[in-house]
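Novice: In UniProt numbering, the protein residues as written are 1 to 513.
Where is the CB? At the ideal position from N, CA and C, for every residue including glycine.
I'd like to ask some things about the structure below.
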């Protein structure tokens, strides 16, 4: 007790592990069905509100989904306020529309085919109930507006004299009591007004009926229109696009350069990062991912193939050759091998919602970085440590170059990333948390869950490094080896709910907790 009547607040422990359940699947694969290459999903993104989800595929299509559970409970706002219990429903989505974003092209100058595959999708700020988003393939970025358009249909034509509107009889009766007009332009007022000219004349009683078209119904269709095309600015394949918090600009990144664009200007961009050396033989690293800070419009981060993350400040100079901060983990002495640089390459980075932390994914691990502490990651989660003995085989079949994405929950307490055999991992990153869950992208996500002995929780402060290893899954629960041809590369966490959308080939799965 404090002061006789106040209780001393006890420190809260780490949050309990979430119990994940299957929610929905779109494009579920039937047993024995052959997957078409163009149908494989290659990009996924929630908008900031979480009411819309966009996916892009290798066929250049963008598919939009909208949230429905908030609208389907059928209660008004006043009724919701009167209820004495919360309406607990997990987010549900339905298909909204789709459109062809990119087509295959051919660069005649370089004799290079440009495939239509969508590499990234990013939502922009909405306006007047219209949706705006950016999509990109290897070379061209497009700015799309998706809006509902009303389509008017003429159902019938009125030809009944009694229903005629504005006919000659009404006109003559209304003009009968009106005073005679003064002479205008030399025309006598006594001349009949029913004569419009030598060729056209109306009878004194007017027409018996006037046929008018009637619009009885209006249908609304969603129409996607390409507002702008941002092209011819990248010599290498675009790997990232990211919106700025100012709502006016965005960046695009390829292997060696990062360009800054204004959404309203498609024929000009500014090069803000350039790693290309004078002699390409001196090239030691490439850009793998880039993202704007969620709150500070002058800050952005980009990762490299050497496993480092650079934070740059656009206020320092026009060309950001020097970084404001460098985040990298030093090598353990004697641990270097042929595969060291390959597995250290960062495939994806994401800022936390508040911008305080950066999550990075390399081939073996997930790392969480505090932007105020550049001495090393505050947490490391082992994802593929069990594959270390198989690196030679993975190098031979090119699996070691797979680029897995990562995501953070809206509250910043958990992180997630994908793996092989359509598995994905969820880790708790709160101090003291030992949460490490393995799920499979099927209707029964827990069927390959491996029970691990409980581990003692440790009290961790904000700067203590945590190294946690996931379940060793060389084989699944049935003794089957992991399938390296089925990989879960793309996933996204809902911004406000515990809902994960993940991609398994051409299928979109959603899970809630």
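Buried or exposed: which applies to residue 32, given that a residue is buried once 16 or more other Cβ atoms fall within 10 Å of its Cβ?
Specialist: Numbered from its first residue, the chain shown carries residue 32 at position 32. Answer is exposed; the Cβ neighbour count stays below 16.
Novice: Have a look at residue 30 and residue 66 and give me their C-alpha separation to the nearest angstrom.
Specialist: For the purposes of this step, residue 30 is taken as the residue at position 30 of the chain shown. For the purposes of this step, residue 66 is taken as the residue at position 66 of the chain shown. Spanning the two alpha carbons is a distance of roughly 25 Å.
Novice: Does the region 280-290 come within contact of the region 325-340, defined as at least 3 CB pairs closer than 8 Å?
Specialist: Output reads no: the region 325-340 does not touch the region 280-290.
Novice: Comparing alpha-carbon positions, which option in 60, 132, 28, 116 lies nearest residue 99?
Specialist: The residue you call residue 99 lines up with position 99 of the chain shown. Taking only the C-alpha atoms, the option nearest residue 99 is 60.
Novice: Using three-state DSSP, classify residue 479 as helix, strand or coil.
Specialist: Counting from 1 along the chain shown, the entry for residue 479 is found at position 479. Per-residue confidence for residue 479 stands at a pLDDT of 41, beneath the threshold of 50, marking its modelled position as unreliable; the derived number appears in the next sentence. Residue state, collapsed to three classes: coil.
Novice: Anyone know if the C-beta pair for residue 416 and residue 19 falls short of 7 Å?
Specialist: Taking the first residue of the chain shown as 1, we reach residue 416 at position 416. Taking the first residue of the chain shown as 1, we reach residue 19 at position 19. No, the Cβ-Cβ distance between residue 416 and residue 19 is not below 7 Å.
Novice: Output needed for residue 397: all residues of its chain with C-beta closer than 8 Å, excluding positions within five of it in sequence on either side, in chain order.
Specialist: Taking the first residue of the chain shown as 1, we reach residue 397 at position 397. The residues are 484.
Novice: Report the rounded CA-to-CA distance for residue 136 versus residue 68, giving the unit in angstroms.
Specialist: As a position in the chain shown, residue 136 is number 136, starting the count at 1. As a position in the chain shown, residue 68 is number 68, starting the count at 1. Looking at the two C-alpha atoms, the distance is approximately 28 Å.
Novice: Need the endpoints of the beta strand (DSSP E) that residue 362 sits in, please.
Specialist: As a working mapping, residue 362 is identified with position 362 in the chain shown. Here the beta strand (DSSP E) through residue 362 covers 357-362.
Novice: Does the distance from the C-beta atom of residue 114 to that of residue 43 stay below 7 Å?
Specialist: Here residue 114 refers to the residue found at position 114 when the chain shown is read from its first residue. Here residue 43 refers to the residue found at position 43 when the chain shown is read from its first residue. In this structure, residue 43 does not lie closer than 7 Å to residue 114 by Cβ.
Novice: In angstroms, rounded to a whole number, what distance separates the CA positions of residue 134 and residue 116?
Specialist: As a working mapping, residue 134 is identified with position 134 in the chain shown. As a working mapping, residue 116 is identified with position 116 in the chain shown. One C-alpha to the other measures close to 15 Å.
Novice: At the level of alpha carbons, what is the spacing between residue 91 and residue 27?
Specialist: The count along the chain shown starts at 1 and reaches residue 91 at position 91. The count along the chain shown starts at 1 and reaches residue 27 at position 27. Near 18 Å, if we compare the C-alpha coordinates of residue 27 and residue 91.
Novice: Exposed or buried, what is residue 299 when buried is set at 16 or more other beta-carbons lying within 10 Å of its beta-carbon?
Specialist: Locating residue 299 in the chain shown gives position 299, counting from the first residue. Under this definition residue 299 is a buried residue.
Novice: Would residue 346 pass as a contact of residue 358 if the rule is Cβ separation under 7 Å?
Specialist: Residue numbering aside, residue 346 sits at position 346 when the chain shown is read from its first letter. Residue numbering aside, residue 358 sits at position 358 when the chain shown is read from its first letter. Cβ distance not < 7 Å, so residue 346 and residue 358 don't count as in contact.
Novice: Can you find the residues in the same chain that come closer than 6 Å, C-beta to C-beta, to residue 270, ignoring five residues on each side of it along the sequence?
Specialist: Here residue 270 corresponds to residue number 270 of the chain shown, with the count starting at 1. Only 260 meet the Cβ criterion.
Novice: Would you mind reading off the limits of the beta strand (DSSP E) that contains residue 435?
Specialist: As a working mapping, residue 435 is identified with position 435 in the chain shown. Premise fails: residue 435 is in no beta strand (DSSP E) and is neither H nor E.
Novice: For a test of the three-state rule: what should DSSP assign to residue 390, helix, strand or coil?
Specialist: Taking the first residue of the chain shown as position 1, residue 390 is located at position 390. In this structure, residue 390 counts as helix in the three-state DSSP scheme.
Novice: Give the straight-line distance between the Cα atoms of residue 529 and residue 360, rounded to the nearest whole angstrom.
Specialist: Because residue 529 is not part of the residues shown, which for the chain are 1 to 513, the question remains open.
Novice: Quick one: using the 10 Å Cβ neighbour count with 16 as the cut-off for buried, is residue 455 buried or exposed?
Specialist: The count along the chain shown starts at 1 and reaches residue 455 at position 455. Its pLDDT being 34, under 50, residue 455 is placed unreliably in this model, and the coordinates cannot settle the point.
Novice: According to DSSP, is residue 404 helix, strand or coil?
Specialist: Against the chain shown, residue 404 aligns to sequence position 404. In the structure shown, residue 404 sits in coil (DSSP, three-state: anything other than H, G, I, E or B).
Novice: Establish whether the CB of residue 50 and some CB of chain C are separated by less than 7 Å.
Specialist: In the structure shown, chain C cannot be found, because there is only a single protein chain.
Novice: So for residue 378, helix, strand or coil by DSSP?
Specialist: As a working note, residue 378 is residue 378 in the chain shown. If DSSP states are grouped into helix, strand and coil, residue 378 belongs with coil.
Novice: Closer than 6 Å: is that where the CB of residue 409 sits relative to any heavy atom of the ligand ZN?
Specialist: Summarising the ligand content, the structure contains no ligands, and the ligand ZN is consequently not present.
Novice: Where do the ends of the alpha helix (DSSP H) carrying residue 233 lie?
Specialist: For the purposes of this step, residue 233 is taken as residue 233 along the chain shown, with counting starting at 1. Residue 233 -> no alpha helix (DSSP H), and no H or E assigned at all.
Novice: Can you give me the start and stop residues for the beta strand (DSSP E) that residue 265 sits inside?
Specialist: In the chain shown, the residue the question calls residue 265 occupies position 265. Per DSSP, residue 265 belongs to the beta strand (DSSP E) from 265-274.
Novice: By a C-beta neighbour count over all protein chains shown, 10 Å radius and 16 as the cutoff for buried, is residue 221 buried or exposed?
Specialist: Mapped onto the chain shown, residue 221 falls at position 221. Its Cβ having fewer than 16 others within 10 Å, residue 221 is exposed.
Novice: Of the choices 224, 287, 246, whose alpha-carbon is the least far from that of residue 252?
Specialist: Here residue 252 refers to the residue found at position 252 of the chain shown. Of the candidates 224, 287, 246, the one whose C-alpha sits nearest the C-alpha of residue 252 is 287.
Novice: Around the C-beta of residue 368, are 16 or more other C-beta atoms found within 10 angstroms, so that it is buried, or is it exposed?
Specialist: Residue numbering aside, residue 368 sits at position 368 when the chain shown is read from its first letter. Looking at its Cβ environment, which holds 16 or more other Cβ atoms inside 10 Å, residue 368 is buried.
Novice: What does DSSP give as the partner residue(s) for residue 497 in the beta ladder?
Specialist: What you label residue 497 is simply residue 497 of the chain shown in a count that begins at 1. None; residue 497 has no bridge partner.
Novice: Which of helix, strand or coil does DSSP assign to residue 507?
Specialist: Reading the chain shown from its first residue, position 507 is the one you call residue 507. Residue state, collapsed to three classes: strand.
Novice: Within 10 angstroms of the Cβ of residue 139, are there 16 or more other Cβ atoms? Answer buried if so, exposed if not.
Specialist: Mapped onto the chain shown, residue 139 falls at position 139. So residue 139 counts as buried.
Novice: So residue 301 is in the beta strand (DSSP E); what residue range does that whole segment cover?
Specialist: In the chain shown, residue 301 corresponds to position 301, counting from 1. Per DSSP, residue 301 belongs to the beta strand (DSSP E) from 299-304.
Novice: From the DSSP secondary-structure annotation, give me the bridge partner or partners of residue 223.
Specialist: Residue 223 sits at position 223 when you count from the first residue of the chain shown. Partner(s): 147.
Novice: Starting from residue 249, trace the beta strand (DSSP E) both ways and give me its first and last residue.
Specialist: The count along the chain shown starts at 1 and reaches residue 249 at position 249. Residue 249 -> beta strand (DSSP E) spans 249-253.
Novice: Around the Cβ of residue 182, are there at least 16 other Cβ atoms within 10 angstroms (buried) or fewer (exposed)?
Specialist: Locating residue 182 in the chain shown gives position 182, where the first residue counts as 1. The pLDDT assigned to residue 182 is 48, lower than 50, so where the model puts this residue is not dependable, and the model offers no usable value.
Novice: Given residue 224, which residues of its chain have a CB within under 6 Å of its CB, disregarding the five upstream and five downstream residues?
Specialist: Within the chain shown, the letter at position 224 stands for residue 224. The residues are 99, 144, 146.
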